[in-house]
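> This is the structure, below, for whatever I ask next.
Printed below as a string of structure tokens:
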């Protein structure tokens with residue numbers, strides 16, 4: 001499916017993929033504002049989020065990868081910078097592994113590389129918290145307005161212990177684009193991903209931000225933006241490239 005997109009600015013295209021239960025409009029706000037004066041900033045609503053409504057959430061991350069490809073083809077973009085956080089970072093990794101030719105660079109944050117030994121316990125705790133959200137009327141109204149009445153299916157995704165695509169995140173095999181991996185120091189599992197990716201994949205730049213945890217781009221936007229700008233400026237696309 002072609003995803004809903006917000007496009008601002010001119011220059012090398014950078015595509016932002018939002019965190020779970022966010023939208024393209026409401027996430028990466030500071031980053032888009034910082035870049036749109038000299039880049040073409042594209043914010044997508046992932047499948048089932050915002051205005052990219054879909055009841056089919058099977059094989060979610062593979063489906064998202066196909067959606068991103070369809071959307072870039074629709075926009076006649078041959079190569080882009082990709083930046084994702086949390087669920088958006090997972091979708092970005094799967095996309096770049098399946099369609100590496102589209103990625104000029106890849107920026108990810110809020111991502112685990114390896115399945116933790118206590119993953120079952122971690123998942124049970126997160127799944128229980130998400131189930132509680134359904135019983136909060138204010139939360140239900142908020143997400144219904146943001147994503148439509150089917151938003152609960154997004155929570156259902158994470159109820160399955162095997163929802164996290166560790167088979168994709170465990171390495172960067174097949175990824176030829178330069179990578180920037182950012183984590184908050186308060187999340188040890190995601191900090192470990194920065195260290196692992198740097199050790200196994202040469203074109204990886206890593207940053208661990210103090211006083212931050214999972215959503216570093218929201219918690220420390222100025223520091224995040226400094227690293228992101230330097231990274232993107234180091235690997236320019238040069239001009240828009242269109243699918244032949």
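Residue numbers (full-length UniProt numbering): 1 to 244. For every residue, glycine included, the Cβ atom is placed at its ideal position computed from N, Cα and C. It should be emphasised that the depicted structure is a prediction, and the values quoted were computed from it without experimental measurement.
Quick one: is the Cβ of residue 167 within less than 7 Å of any heavy atom of the ligand FAD?
Within the structure as shown, the ligand FAD is missing, as the structure has no ligands at all.
> Quick check on residue 217: does DSSP put it in helix, strand or coil?
Taking the chain shown and counting its residues from 1, the one referred to as residue 217 is at position 217. If DSSP states are grouped into helix, strand and coil, residue 217 belongs with the helices.
> Name the DSSP beta bridge partners of residue 5, please?
Your numbering for residue 5 matches position 5 in the chain shown. Per DSSP, 44.
> Determine the extent of the beta strand (DSSP E) in which residue 206 is found, giving its start and end residues.
The residue given as residue 206 occupies position 206 in the chain shown. From DSSP, the beta strand (DSSP E) with residue 206 extends over 204–209.
> Mind listing, in chain order, the continuous beta strand (DSSP E) runs of no fewer than 3 residues lying wholly within the region 145–208?
DSSP runs (the beta strand (DSSP E)) wholly in the region 145–208: 179–184.
> How many angstroms separate the CA atom of residue 7 from the CA atom of residue 40?
For the purposes of this step, residue 7 is taken as residue 7 along the chain shown, with counting starting at 1. For the purposes of this step, residue 40 is taken as residue 40 along the chain shown, with counting starting at 1. Near 7 Å, if we compare the C-alpha coordinates of residue 40 and residue 7.
> Could you check the C-alpha separation between residue 196 and residue 111 for me, to the nearest Å?
What you label residue 196 is simply residue 196 of the chain shown in a count that begins at 1. What you label residue 111 is simply residue 111 of the chain shown in a count that begins at 1. So the alpha carbons of these two residues sit roughly 12 Å apart.
> Go ahead and pull the three-state DSSP assignment for residue 243.
Taking the first residue of the chain shown as 1, we reach residue 243 at position 243. Legend: pLDDT at residue 243 = 36, less than 50; position of this residue unreliable, no value from coordinates given.
> Report the three-state DSSP secondary structure of residue 74 (helix, strand or coil).
Numbered from 1 along the chain shown, position 74 holds the residue referred to as residue 74. Residue 74: helix per DSSP, three-state reduction.
> I'd like the ranges of any alpha helix (DSSP H) spanning at least 4 consecutive residues and lying wholly in the UniProt domain "AB hydrolase-1" (13–120).
List check, alpha helix (DSSP H) in window: 29–35, 60–74 and 87–98.
> Which class does residue 248 belong to by DSSP, given the choice of helix, strand or coil?
This structure does not reach residue 248, given that the chain is present from 1 up to 244, and the question cannot be answered.
> For residue 229 and residue 80, what's the separation of their Cα atoms in angstroms?
Sequence index remark: in the chain shown, residue 229 carries index 229 (1-based). Sequence index remark: in the chain shown, residue 80 carries index 80 (1-based). Those two C-alpha atoms are separated by around 15 Å.
> Give me the residue from 78, 4 and 59 with the minimum Cα distance to residue 91.
Residue numbering aside, residue 91 sits at position 91 when the chain shown is read from its first letter. Out of 78, 4 and 59, 59 has the C-alpha closest to the C-alpha of residue 91.
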